[in-house]
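K.L.:
One structure, pasted below without further comment.
Number of protein chains: 2
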Amino acid sequence: MRVWRTLATLSLGAVLGASASCLWRLPGGEQQEEDEEEAVGLLARVPLIPVPSVHAASELTLGRPSGAALMKYGFPSLSNVHTRESYVSSYDPRTRTPAWVIERLGGDTLLGTADRKRCDFKEDDSVHVFHRATNADYKGSGLDRGHMAAAANHKGSQKAMDDTFYLTNVAPQNPHLNQNAWNNLEKLCRSLTKRYANVYVCTGPLYLPRQEADGKLYVRYQVVGGNHVAVPTHFFKILILERGGQDGVELRSYVLPNQPVDDKIPLERFLVPIESIERASGLLFVPNIVRAGSGAAIAGK
Amino acid sequence: MRVWRTLATLSLGAVLGASASCLWRLPGGEQQEEDEEEAVGLLARVPLIPVPSVHAASELTLGRPSGAALMKYGFPSLSNVHTRESYVSSYDPRTRTPAWVIERLGGDTLLGTADRKRCDFKEDDSVHVFHRATNADYKGSGLDRGHMAAAANHKGSQKAMDDTFYLTNVAPQNPHLNQNAWNNLEKLCRSLTKRYANVYVCTGPLYLPRQEADGKLYVRYQVVGGNHVAVPTHFFKILILERGGQDGVELRSYVLPNQPVDDKIPLERFLVPIESIERASGLLFVPNIVRAGSGAAIAGK
Numbered sequence: 002m003r004v005w006r007t008l009a010t011l012s013l014g015a016v017l018g019a020s021a022s023c024l025w026r027l028p029g030g031e032q033q034e035e036d037e038e039e040a041v042g043l044l045a046r047v048p049l050i051p052v053p054s055v056h057a058a059s060e061l062t063l064g065r066p067s068g069a070a071l072m073k074y075g076f077p078s079l080s081n082v083h084t085r086e087s088y089v090s091s092y093d094p095r096t097r098t099p100a101w102v103i104e105r106l107g108g109d110t111l112l113g114t115a116d117r118k119r120c121d122f123k124e125d126d127s128v129h130v131f132h133r134a135t136n137a138d139y140k141g142s143g144l145d146r147g148h149m150a151a152a153a154n155h156k157g158s159q160k161a162m163d164d165t166f167y168l169t170n171v172a173p174q175n176p177h178l179n180q181n182a183w184n185n186l187e188k189l190c191r192s193l194t195k196r197y198a199n200v201y202v203c204t205g206p207l208y209l210p211r212q213e214a215d216g217k218l219y220v221r222y223q224v225v226g227g228n229h230v231a232v233p234t235h236f237f238k239i240l241i242l243e244r245g246g247q248d249g250v251e252l253r254s255y256v257l258p259n260q261p262v263d264d265k266i267p268l269e270r271f272l273v274p275i276e277s278i279e280r281a282s283g284l285l286f287v288p289n290i291v292r293a294g295s296g297a298a299i300a301g302k
Numbered sequence: 002m003r004v005w006r007t008l009a010t011l012s013l014g015a016v017l018g019a020s021a022s023c024l025w026r027l028p029g030g031e032q033q034e035e036d037e038e039e040a041v042g043l044l045a046r047v048p049l050i051p052v053p054s055v056h057a058a059s060e061l062t063l064g065r066p067s068g069a070a071l072m073k074y075g076f077p078s079l080s081n082v083h084t085r086e087s088y089v090s091s092y093d094p095r096t097r098t099p100a101w102v103i104e105r106l107g108g109d110t111l112l113g114t115a116d117r118k119r120c121d122f123k124e125d126d127s128v129h130v131f132h133r134a135t136n137a138d139y140k141g142s143g144l145d146r147g148h149m150a151a152a153a154n155h156k157g158s159q160k161a162m163d164d165t166f167y168l169t170n171v172a173p174q175n176p177h178l179n180q181n182a183w184n185n186l187e188k189l190c191r192s193l194t195k196r197y198a199n200v201y202v203c204t205g206p207l208y209l210p211r212q213e214a215d216g217k218l219y220v221r222y223q224v225v226g227g228n229h230v231a232v233p234t235h236f237f238k239i240l241i242l243e244r245g246g247q248d249g250v251e252l253r254s255y256v257l258p259n260q261p262v263d264d265k266i267p268l269e270r271f272l273v274p275i276e277s278i279e280r281a282s283g284l285l286f287v288p289n290i291v292r293a294g295s296g297a298a299i300a301g302k
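First to last, the protein sequences are chains A and B.
Just so we're aligned: the first sequence equals residues 2 to 302 in the numbering used here.
Just so we're aligned: the second sequence equals residues 2 to 302 in the numbering used here.
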């Protein structure tokens, strides 16, 4: 609870420090003390979830990910789920932005000839017109149409990249953030594919409260355009890193404020305990990951 | 679009004027001009949806409503749906309040020996602890634990009344509103059971934007307690009134601000087009109602 309050009462722009998280060992899912061998540098501060060797990595690294394979770590929520070529997403019809978007990054998705110049941001007709964001909503807002699943993660096919341009994969994002620190975080995700067999990334908006002059906590966020598209106060990105074999899964979870962030600040400074994101977003990640870590669940997927 | 902008840019406390809505005739669902015979008083301003005589009113007025019968007009959303003795609800794990609660009022639910004194507000263990509202969250907030499905609507059995005391049927509500104008609206719902075969009521919170000094629109709401339970800016109540036979269904939809409201203001002044609630809440009511109005759908339910 302490951690959550710390996160939630942060002023916008405050840098979130990473707190020590527990180390999970599977099977069993019991919490154990940090393993000294693992407790070095960054990774000592984030959860580690080894998975059994039945994990079918080869299935996931060949060809486009199917929705089922992509979702092996479970659904953070089950609301308005859409499956695309390059990602699976849940849409929030009240904010007109995604609640979360999950993608898998690997050599097959990063390398290819898909060209961003052939992509245009487009409305998602699958959303009722009352709840649909449009390009016109963003126009004149001074905000970028910020990708949740990044376009550059999906060069493997033009369709995969095209799909990242649906406005249901987009939220209003500060241009400086989008083009600097956030872009660096996206690059980090891609670079991790060199060290991990698979990199799963879950991205979404947050609406965090902060204390105002009366001493009370308020959530306050702008809405833009005729359809009142919500401007998140923060964004999260959760990385599920598969080492392959019996070496398990590592988690890293970041929260960045939706405003200019000096890109000289190391991204490690934005690491937060995943629990704080689960509390703030109304989503659950860890129970799914733990379940997926058990032999039967992994084998079944 | 005009209507929505009118609603959304209202200052808190402004009285929402009812706008003329179209009249629907089923089967076929075509919009038609207002029928002069119907265009008298209040009802001339709200949608009218006649339903075929296959409507099985007797099934609904006998005994406790089953979830299936209660939901004959469809689910406004499919997120985190819970079925209780007296209502069906959808929980919003991010705000820690319901997104909507639907109940049916009739002689069987209003009359009985259930006693409010035997009821206590209680946490809902079916919600993950990260997203669950607790009694402690409300303590010292200065806000009431405001029922969505009202306790007094469910005197038919103690269990039915007890279930309205789950905090998943509750949102932080201004005490003056709760005990005056909102209470009057709840009484109006009960009184309508004398004129209508069945009264369905859907209630929920709204978080409406308003213009701030910089000319931009912002959603701003307080959160209370350690679990950051959201304090809605407004509440909606949608009444689906079944006349029985071939006389169809009437809709009335109200929005009240979550602040003191002079109870001398007639409740008719808080009528709004249902579309404005659908846009603001991210929910859909009318398509479901129209579908339920077709012979097959009604007979099937």
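For every residue, glycine included, the Cβ atom is placed at its ideal position computed from N, Cα and C.
Fair warning: this is a prediction, and the values are worked out from it, not measured in the lab.
Under a three-way DSSP split, which group does Thr-204(A) fall into?
P.N.:
Here residue 204(A) corresponds to residue number 203 of the first sequence, with the count starting at 1. Reduced to three states, the DSSP call for Thr-204(A) is strand.
K.L.:
For Lys-238(B), write down the residues that DSSP places opposite it in a beta bridge.
P.N.:
Numbered from 1 along the second sequence, position 237 holds the residue referred to as residue 238(B). In the DSSP output, where bridge partners are listed per residue, Lys-238(B) has Thr-204(B), Tyr-255(B).
K.L.:
Would you please verify whether the beta carbon of Asn-175(B) is less than 9 Å from any beta carbon of chain A?
P.N.:
Sequence index remark: in the second sequence, residue 175(B) carries index 174 (1-based). No, no contact with chain A.
K.L.:
Less than 8 Å between the CB atoms is what I'm expecting for Ser-142(B) and Gly-226(B), so what's the real figure, rounded?
P.N.:
As a first step, residue 142(B) must be located in the second sequence, where it is residue number 141. As a first step, residue 226(B) must be located in the second sequence, where it is residue number 225. Right, the Cβ-Cβ distance comes to about 7 Å (below 8 Å), so this counts as a contact.
K.L.:
Using the Cβ count rule (16 or more neighbours within 10 Å means buried), how would you classify Asp-121(A)?
P.N.:
Here residue 121(A) is taken as the residue at index 120 of the first sequence, counted from 1. By the 10 Å Cβ count, Asp-121(A) comes out exposed.
K.L.:
Can you confirm whether Val-124(B), when its beta carbon is compared against all beta carbons of chain A, has any partner nearer than 9 Å?
P.N.:
On the second sequence, residue 124(B) is found 123 positions in, with the first residue counted as 1. Val is not the amino acid found at residue 124(B); the sequence shown has Glu there. Not an interface residue.
K.L.:
I believe Arg-253(A) touches Leu-284(A) by the beta-carbon criterion, under 8 Å. Please report the beta-carbon distance rounded to the nearest angstrom.
P.N.:
By one-based count along the first sequence, residue 253(A) stands at place 252. By one-based count along the first sequence, residue 284(A) stands at place 283. The pair is not a contact, with the Cβ atoms about 16 Å apart (cut-off 8 Å).
K.L.:
For the beta strand (DSSP E) containing Thr-194(A), name the first residue and the last one.
P.N.:
Within the first sequence, numbered from 1, the residue matching residue 194(A) stands at position 193. Per DSSP, Thr-194(A) belongs to no beta strand (DSSP E) and is neither H nor E.
K.L.:
Quick one, which of Leu-71(A), Asn-154(A), His-129(A), Lys-188(A) has its alpha-carbon nearest Asp-264(A)'s?
P.N.:
Within the first sequence, the letter at position 263 stands for residue 264(A). Residue Lys-188(A) is the option with its Cα nearest to Asp-264(A).
K.L.:
What did DSSP end up calling Arg-105(A) once you bin it into helix, strand or coil?
P.N.:
Taking the first sequence and counting its residues from 1, one reaches residue 105(A) at position 104. In the structure shown, Arg-105(A) sits in a strand (DSSP, three-state: E or B).
K.L.:
Can you tell me the Cα-Cα spacing of Phe-286(A) and Glu-269(B), whole angstroms?
P.N.:
Counted from its first residue, the first sequence places residue 286(A) at position 285. Counted from its first residue, the second sequence places residue 269(B) at position 268. In a straight line, the C-alpha of Phe-286(A) is about 45 Å away from that of Glu-269(B).
K.L.:
Within 10 angstroms of the Cβ of Ala-231(B), are there 16 or more other Cβ atoms? Answer buried if so, exposed if not.
P.N.:
As a working mapping, residue 231(B) is identified with position 230 in the second sequence. Ala-231(B) should be labelled buried.
K.L.:
With contact counted as at least three CB pairs below 8 Å, one residue from each stretch, are the segment 232-249 of chain B and the segment 150-165 of chain B in contact?
P.N.:
Contact between the segment 232-249 of chain B and the segment 150-165 of chain B is absent, because fewer than three Cβ pairs lie under 8 Å.
K.L.:
What's the call for Val-130(B), buried or exposed, on a 16-neighbour Cβ count within 10 Å?
P.N.:
The residue given as residue 130(B) occupies position 129 in the second sequence. Counting Cβ neighbours within 10 Å, Val-130(B) comes out exposed, since fewer than 16 surround it.
K.L.:
Closest to Leu-218(B) by CA distance: which of Gly-216(A), Ala-152(A), Arg-221(A) is it?
P.N.:
The count along the second sequence starts at 1 and reaches residue 218(B) at position 217. Comparing Cα positions, the closest option is Arg-221(A).
K.L.:
Compare the C-beta of His-235(A) against all C-beta atoms of chain B and say whether one is closer than 9 Å.
P.N.:
The residue labelled residue 235(A) in the question sits at position 234 within the first sequence. With 9 Å as the cut-off, His-235(A) does not count as an interface residue toward chain B.
K.L.:
Short check: CB of Ala-172(A) to CB of Arg-117(A), under 9 Å?
P.N.:
By one-based count along the first sequence, residue 172(A) stands at place 171. By one-based count along the first sequence, residue 117(A) stands at place 116. It is not a contact, given that the beta carbons lie outside the stated cut-off.
K.L.:
Please determine whether the Cβ atom of Leu-284(A) lies at a distance below 8 Å from any heavy atom of the ligand GTP.
P.N.:
With respect to small molecules bound, the structure shown includes none, and the ligand GTP cannot be examined in it.
K.L.:
Going along chain A in order, which residues have a C-beta closer than 9 Å to the C-beta of Lys-140(B)?
P.N.:
The residue given as residue 140(B) occupies position 139 in the second sequence. Residues of chain A passing the Cβ test: none, with the nearest at roughly 15 Å.
K.L.:
For Tyr-197(A) and Ala-281(B), what's the separation of their Cα atoms in angstroms?
P.N.:
Your numbering for residue 197(A) matches position 196 in the first sequence. Your numbering for residue 281(B) matches position 280 in the second sequence. Computed Cα separation, rounded: 43 Å.
K.L.:
Kindly indicate the opening and closing residues of the alpha helix (DSSP H) around His-177(A).
P.N.:
Position 176 of the first sequence, counted from the start, is the residue given in the question as residue 177(A). From DSSP, the alpha helix (DSSP H) with His-177(A) extends over 176-180.
K.L.:
Let's test the definition: count the other Cβ atoms within 10 Å of the Cβ of Gln-260(B) and tell me whether it reaches 16, buried, or not, exposed.
P.N.:
Here residue 260(B) refers to the residue found at position 259 of the second sequence. Exposed, by the Cβ-count rule.
K.L.:
Use the C-beta contact count for Ala-100(A): other C-beta atoms within 10 angstroms, 16 or more gives buried, fewer gives exposed.
P.N.:
Walking along the first sequence from the start, residue 100(A) turns up at place 99. By the 10 Å Cβ count, Ala-100(A) comes out buried.
K.L.:
By alpha-carbon positions, which one of Thr-169(A), Thr-98(A), Ser-78(A), Gly-107(A) ends up nearest to Tyr-208(A)?
P.N.:
Position 207 of the first sequence, counted from the first residue, corresponds to residue 208(A). The residue with the shortest Cα to Cα distance from Tyr-208(A) is Thr-98(A).
K.L.:
Quick one: what's Ala-231(B) bridged to in DSSP?
P.N.:
In the second sequence, residue 231(B) corresponds to position 230, counting from 1. Bridge partners of Ala-231(B): Val-224(B).
K.L.:
Are Asn-199(A) and Leu-242(A) touching if we call contact CB-CB under 9 Å?
P.N.:
To locate residue 199(A), count along the first sequence from 1; it is residue 198. To locate residue 242(A), count along the first sequence from 1; it is residue 241. Cβ atoms of Asn-199(A) and Leu-242(A): closer than 9 Å.
K.L.:
Does the Cβ-Cβ distance between Leu-111(B) and Val-202(B) come in under 9 Å?
P.N.:
In the second sequence, the residue the question calls residue 111(B) occupies position 110. In the second sequence, the residue the question calls residue 202(B) occupies position 201. No, they are not a contact pair.
K.L.:
Which whole-angstrom value is the C-beta distance of Thr-135(B) and Glu-124(B), which I expect to be below 8 Å?
P.N.:
For this step, residue 135(B) is matched to residue 134 along the second sequence. For this step, residue 124(B) is matched to residue 123 along the second sequence. Their Cβ separation, rounded to whole angstroms, is 5 Å, which keeps Thr-135(B) and Glu-124(B) in contact under 8 Å.
K.L.:
Could you check the C-alpha separation between Asp-138(A) and Pro-233(B) for me, to the nearest Å?
P.N.:
In the first sequence, residue 138(A) corresponds to position 137, counting from 1. In the second sequence, residue 233(B) corresponds to position 232, counting from 1. Near 24 Å, if we compare the C-alpha coordinates of Pro-233(B) and Asp-138(A).
K.L.:
What in chain A is Cβ-close to Asp-93(B), meaning under 9 Å?
P.N.:
Taking the first residue of the second sequence as 1, we reach residue 93(B) at position 92. Going along chain A in sequence order, the residues near Asp-93(B) (Cβ under 9 Å) are Arg-95, Gly-283.
K.L.:
Taking Ala-231(B) as the query, report the chain A residues whose CB atoms sit under 8 Å from its CB, ordered along the chain.
P.N.:
On the second sequence, residue 231(B) is found 230 positions in, with the first residue counted as 1. Ordered by position in chain A, the residues that pass the 8 Å Cβ test against Ala-231(B) are Val-220.
K.L.:
Just to confirm, is the Cβ distance from Asp-126(A) to Asn-175(A) under 9 Å?
P.N.:
Position 125 of the first sequence, counting from 1, holds the residue named residue 126(A). Position 174 of the first sequence, counting from 1, holds the residue named residue 175(A). Not closer than 9 Å, so no.
K.L.:
Between which two residues does the alpha helix (DSSP H) holding Tyr-139(B) run?
P.N.:
Indexing the second sequence from 1 puts residue 139(B) at position 138. Start and end: 136-139.
K.L.:
Have a look at Leu-257(A) and Glu-279(B) and give me their C-alpha separation to the nearest angstrom.
P.N.:
What you label residue 257(A) is simply residue 256 of the first sequence in a count that begins at 1. What you label residue 279(B) is simply residue 278 of the second sequence in a count that begins at 1. Near 31 Å, if we compare the C-alpha coordinates of Glu-279(B) and Leu-257(A).
K.L.:
Let me know the secondary structure DSSP gives Glu-124(B) once reduced to three states.
P.N.:
The residue you call residue 124(B) lines up with position 123 of the second sequence. Glu-124(B): coil per DSSP, three-state reduction.
K.L.:
Beta-carbon of Val-224(A) versus every beta-carbon of chain B: anything under 9 Å?
P.N.:
The sequence position of residue 224(A) within the first sequence is 223, counting from 1. Val-224(A) counts as touching chain B.
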